[in-house]
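Numbering (this note's numbering), first residue to last: 33 to 347. For every residue, glycine included, the Cβ atom is placed at its ideal position computed from N, Cα and C. Taking it in order: structure first as structure tokens, then the write-up.
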Ligand SMILES: Nc1nc2c(ncn2[C@@H]2O[C@H](COP(=O)(O)OP(=O)(O)OP(=O)(O)O)[C@@H](O)[C@H]2O)c(=O)[nH]1
Ligand SMILES: [Mg+2]
């Protein structure tokens, strides 16, 4: 039984690409359940992260960045995000501090478009100003004023998702706005992402890290084999301890032969680097030694076709 005054509910992280939604989800949950990169349009699906405390439970939903959607994949991503906003109790609208000296340009057409959609959806909405570690304090108040002029935010919370400043406070303010009620998920529930999905995302993260601009948008990763026959129970709490072996084979899909050549690299060097780095993070995730074999396949124009999206797991 939950205690008296226990609160619970759903909150969606919504905003333009790259503002730090996934970083915030990871910081809130204390686990790496969403991949993060300095390139926009990293997240492609909704990702659940549950935070359970004695005083309540919040189910956060990370979503793809909302942007001008061209092409099937982008349309899918934007729809996914807006759909999540429809389904939650509370929307956390994230921004990052705008560049440029002129306050007139600080809100910008991208944010305005999202705020218009959120008006129509009509959920209580917080303004979450992320990356405050990057701006002087005196910029914060004028920024808040500008955004408050655009939208009747229920709360304003400045924070740094990367550093963690203000994140605890956000959790508590969110909780206060949720209804009293029982926990929605088991208290040990962390995410709805399966290990296989996380593994494919960790591999895609390394492609994002190591490859230049146009490659990431054309890349998808599928796990073909996940062989746990030599898996052993996770070793104790000691950091970095690994037990047993998991054999994983995955395919990195791109749209053109030229992209395949880039991902493989000279004498396979790029693919090797991607594999080595991905294996390290997958081992940490699974607590096991991992044998990772990667191959690169071409699926022409997959991101432009509904069948292509479906085939590569976006549906
Ligand atoms: N300085 C600073 N950088 C941050 C902070 N939070 C996130 N970042 C960086 O911002 C970049 C984007 O972060 P993500 O979490 O991937 O952003 P996102 O909103 O999920 O992006 P999409 O999935 O593409 O919509 C990464 O390079 C992060 O390290 C922060 O509080 N301070
Ligand atoms: Mg993201």
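> Skipping 5 residues on each side, what residues in its chain have a beta carbon closer than 6 Å to that of residue 217?
Replying inline: 82
> Taking DSSP as the reference, what is the three-state secondary structure of residue 75?
Replying inline: If DSSP states are grouped into helix, strand and coil, residue 75 belongs with coil.
> Hey, is residue 77 close to ligand 1, as in C-beta under 7 Å from one of its heavy atoms?
Replying inline: no
> Helix, strand or coil: how does DSSP classify residue 153 here?
Replying inline: helix
> So, using beta-carbon positions, are residue 344 and residue 328 closer together than 8 Å?
Replying inline: no
> By Cβ distance, which residues of its chain are closer than 8 Å to residue 198, with the 5 residues on each side in sequence left out?
Replying inline: Excluding residues within five positions, the ones whose Cβ falls inside 8 Å are 164, 189, 190, 191 and 192.
> What does a CB cutoff of less than 8 Å around residue 272 pick up in its chain, not counting 5 residues either side in sequence?
Replying inline: 316
>> Looking at residue 44: is its Cβ nearer than 8 Å to the Cβ of residue 117?
In response: Contact flag set, yes.
> Which of the three DSSP states, helix, strand or coil, is assigned to residue 43?
Replying inline: strand
> Quick one: what's residue 185 bridged to in DSSP?
Replying inline: Note: residue 185 sits in no beta bridge, so no partner.
> Under three-state DSSP, which class holds residue 67?
Replying inline: coil
> Relative to ligand 2, is the shortest distance from any of its heavy atoms to the C-beta of residue 44 smaller than 7 Å?
Replying inline: No, ligand 2 has no heavy atom inside 7 Å of this Cβ.
> In or out: residue 181 buried (at least 16 other Cβ within 10 Å) or exposed?
Replying inline: Exposed, since its Cβ has fewer than 16 Cβ neighbours within 10 Å.
>> Per the DSSP calculation, residue 190 is bridged to which residue(s)?
In response: DSSP lists 161 as partners of residue 190.
> For the alpha helix (DSSP H) that contains residue 244, what are its first and last residues?
Replying inline: Residue 244 -> no alpha helix (DSSP H), and no H or E assigned at all.
> CB residue 122 to CB residue 51, shorter than 8 Å?
Replying inline: no
> Out of curiosity, what's the CA-to-CA distance linking residue 252 and residue 277?
Replying inline: 25 Å
> With burial defined as no fewer than 16 other Cβ atoms inside 10 Å of the residue's Cβ, what is the status of residue 75: buried or exposed?
Replying inline: buried
>> Taking the alpha-carbon of residue 144 as reference, which of 196, 342 and 48 has the nearest alpha-carbon?
In response: 48
> Does the Cβ-Cβ distance between residue 210 and residue 335 come in under 8 Å?
Replying inline: no
>> Taking its Cβ as the centre, do 16 or more other Cβ atoms sit within 10 Å of residue 351, making it buried, or is it exposed?
In response: No answer is possible for residue 351: the residues shown for the chain start at 33 and end at 347.
>> Given this structure, state the Cα-to-Cα distance separating residue 369 from residue 69, to the nearest angstrom.
In response: Nothing about residue 369 can be reported from this structure: the residues present for the chain run from 33 to 347 only.
> My guess is that residue 323 and residue 279 are in contact by the Cβ rule of under 8 Å, so how many angstroms apart are they, rounded?
Replying inline: About 5 Å; that satisfies the 8 Å criterion.
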